[in-house]
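In this note's numbering, the protein residues as written are 35 to 297.
Ideal Cβ placement from N, Cα and C applies to all residues, glycine included.
Structure record follows, encoded as structure tokens.
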């Protein structure tokens, strides 16, 4: 299956003279190089292994980029307002702030891996107390990052549309079984849970394989919390105690995760 990410992902990975390039993945995990990409993230290999630069030069996205810039300019206030005085509630909360003179280390985020999964075109809907949940399995996928690379051998996700006041969201819970490309492969359980928010019409369009082609998925923020677990000693120490936050895109049948390790 062709991918709106594949062309950019491969054509924008450049070899650094001090960093060995890993062997190519098997044929079933390789993207279709003959199809144009619709995604805009450039992967750049540096001394810090891998950085994600949200910049691209692809003629097929010129109009989408223009709309993105216009939308960002529209939501930014023309005149900066002076800071407002704290409310009574804020002052009361600050007065009760525990140990106000204590300094606690701030968590740091470091880009760690990218994962791409393809959803099956058929899904099942299940009635729950507050609506319906949709269950979809994964038909394909691959991943690569600091700790290795491989394929997504199975798994699935359930999603539910929710409304909280004026906030509309699609809540996602997903489980992925990852396989490494080692000669003796390791298997890793990867769980993700989060929300994609945005206008109801756009959320629905992005999940439609046909209608989503002309929609910019970045207009709907999609964030998840990720944990991983394995019994394989080669990876257990790296993954079992870690936690990640993911910035994701869902477009049609394809979901892409950029995972940042929290340290």
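Assignment of beta-bridge partners to residue 258 by DSSP yields 228, 280.
Sequence-distant Cβ neighbours of residue 223 in its own chain, meaning closer than 6 Å and more than five residues away, are 263. Judged by DSSP in its simplified three-state form, residue 150 adopts strand.
With a cut-off of 8 Å on Cβ pairs, the region 140-147 is not in contact with the region 115-132, counting fewer than three such pairs.
For residue 196, there is no enclosing alpha helix (DSSP H); the residue is found in the beta strand (DSSP E) stretching over 182-198. A check of alpha carbon separations from residue 294 across 260, 269, 268 identifies 260 as the nearest. Note that the C-beta distance between residue 150 and residue 175 is below 8 Å. Under the DSSP definition of a beta bridge, residue 249 lacks any partner. Check the Cα spacing between residue 186 and each of 169, 277, 286, 214: the tightest is with 214.
According to DSSP, residue 178 shares a beta bridge with 148, 183. When the beta-carbon positions are compared, residue 288 and residue 152 come within less than 8 Å of each other. Beta-bridge pairing by DSSP links residue 263 to 223.
With contacts defined as CB atoms closer than 8 Å, residue 189 and residue 211 qualify as a contacting pair. For residue 143, DSSP records a beta bridge to 296.
For residue 215, the secondary structure class from DSSP, reduced to helix, strand or coil, is coil.
Following the DSSP letters along the chain, one finds residue 127 in no beta strand (DSSP E) but inside the alpha helix (DSSP H) bounded by residues 122-129. For residue 159, the enclosing beta strand (DSSP E) stretches over residues 158-162. Residue 206 has 193, 228 as its beta-bridge partners, per DSSP.
Burial state of residue 155 is exposed, judged by a 10 Å Cβ sphere holding fewer than 16 other Cβ atoms.
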